[in-house]
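Just so you know, our numbering puts the end of the sequence shown at 1358, numbered straight through with nothing missing.
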Amino acid sequence: MLLTDIEMLEESEYGSLAHVKLLKDIQHVLEALEMAVQSETVSSFQKAVVNAGLAGPLEDKRMPGIFKRLIGYVLEYWDAHSKAAQILDSQFDGNADKRLELLQVKGIKAKSQFKTVARAMGRTDYLHFVEALGLLHEDWQWQA
């Protein structure tokens, strides 16, 4: 249902409050799923995933945790980017320069961590992830 809601978002709603809320909701679901699969065997997990129709994106027991982490990096990047934009749009005081630099570093770090994990997960899983979560944007496009 949450993925369907993301599919219904317009391209202009990328990074909007609605998009952020949906990603946070998905992150919570993935967290619960990650906890639930800890007690499952690999075989029982794979059977459950096939029965739920999620065989493609969640073939591996570790994928809920990986997806959750990637969403966290996206949200961290958006937060830092948004706060940096607010600083640039407001009056620039003496401390603003330091805050701006810290936020820019935070955004770069989040994007770099995202890229590292995305490359490790492979091109197919990465493409499925960005498509399913409405991240088909230049911020997240590169060869995985």
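Ideal Cβ positions, reconstructed from N, Cα and C, are used throughout, including at glycine.
What whole-angstrom Cβ distance do residue i and residue j have, given they're in contact under 8 angstroms?
i: Ala1310; j: Ile1301; result: 5 angstroms
i: Ile1285; j: Leu1237; result: 5 angstroms
i: Trp1354; j: Val1344; result: 5 angstroms
i: Gly1348; j: Leu1244; result: The Cβ separation is near 16 angstroms, so there is no contact.
Could you give the residue range of the alpha helix (DSSP H) that holds residue i?
i: Leu1231; result: 1231 to 1251
i: Thr1218; result: 1216 to 1221
Helix, strand or coil for residue i? Go by DSSP, reduced to three states.
i: Gly1307; result: Note on identity: in this sequence residue 1307 is Asp, with Gly being the wrong assignment. Coil at Asp1307, not helix or strand.
i: Gln1355; result: coil
i: Gly1348; result: coil
i: Leu1317; result: helix
i: Thr1272; result: The amino acid occupying residue 1272 in the given sequence is Leu; Thr does not appear at that position. The answer is coil: DSSP assigns Leu1272 none of H, G, I, E or B.
i: Gly1279; result: helix
i: Glu1254; result: coil
i: Gly1286; result: helix
i: Glu1225; result: helix
Express the C-alpha separation of residue j and residue i in angstroms, rounding to a whole number.
i: Ala1346; j: Arg1337; result: 14 angstroms
i: Lys1325; j: Gln1252; result: 28 angstroms
i: Glu1221; j: Leu1314; result: 33 angstroms
i: Val1234; j: Leu1289; result: 7 angstroms
i: Thr1330; j: Ser1230; result: 25 angstroms
i: Leu1272; j: Gln1318; result: 33 angstroms
i: Ala1298; j: Leu1217; result: 29 angstroms
i: Val1264; j: Gln1305; result: 54 angstroms
i: Ala1358; j: Lys1320; result: Confidence is the limiting factor: at Ala1358 the pLDDT is only 49, short of 50, which leaves the residue's position unreliable, though a coordinate-based value still follows. If you take the alpha carbons of Ala1358 and Lys1320, they lie about 22 angstroms apart.
i: Glu1211; j: Gln1260; result: Since the first and last residues shown for the chain are 1215 and 1358, residue 1211 lies out of range.
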